[in-house]
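Below is one structure; the comments refer to it alone.
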Amino acid sequence: MQIQVLKSKIHRVKVTGADLNYIGSITIDETLLEASNIIEGEKVSIVNINNGERFETYAIKGQKNSGEITLNGPAARKVQKDDIIIIISYATLDFEEAKTFKPWIVFPNENDNSLT
């Protein structure tokens, strides 16, 4: 049997932009991607703390150490600049493997999305 488990989480980051005219996705600072073990193109779930919206999109790499968190395309309608969101990805694992799996969870500074 296989189950889905939490793989990666970027907990409480501030949205820095919303670009409705982009094709789609979420642009995430490369430093945050690396720390959370999320790769470009990976499906992610977004939870908006400010308005309760929950939706899925895919990650694209932003400039390293920029603090960028930009929702693109239709997802831009579900956030506003300065909203606080949680970014989550999941993995499908064998049931026994899932029992010992440890996810990558990062807690950025909400003021500038840095890891310091």
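Note that my numbering has the sequence shown beginning at -15, numbered continuously upward. Backbone N, C-alpha and C fix where the C-beta goes; we use that ideal spot for every residue, glycine too.
Query raised in the report: Based on Cα-Cα distance, which residue from 75, 84, 94 and 95 lies nearest to residue -13?
Result: 75
Query raised in the report: Can we say the segment -12 to -2 touches the segment 88 to 96, given the rule of at least three CB pairs closer than 8 Å?
Result: yes
Query raised in the report: In angstroms, rounded to a whole number, what distance separates the CA positions of residue 84 and residue 66?
Result: 36 Å
Query - Sequence-distant residues of its chain with Cβ nearer than 6 Å to residue 16 (five each side left out) - result: -6
Query raised in the report: Along the chain, where does the alpha helix (DSSP H) that runs through residue 15 open and close?
Result: 14 to 20
Query raised in the report: By Cβ distance, which residues of its chain are closer than 6 Å to residue 22, with the 5 residues on each side in sequence left out?
Result: -8, 43 and 73
Query raised in the report: Between the C-alpha atoms of residue 86 and residue 25, what's the straight-line distance to the nearest angstrom?
Result: 22 Å
Requested in this report: Go to residue 79, then tell me how far its alpha helix (DSSP H) extends in each direction, as first and last residue.
Outcome: 79 to 82
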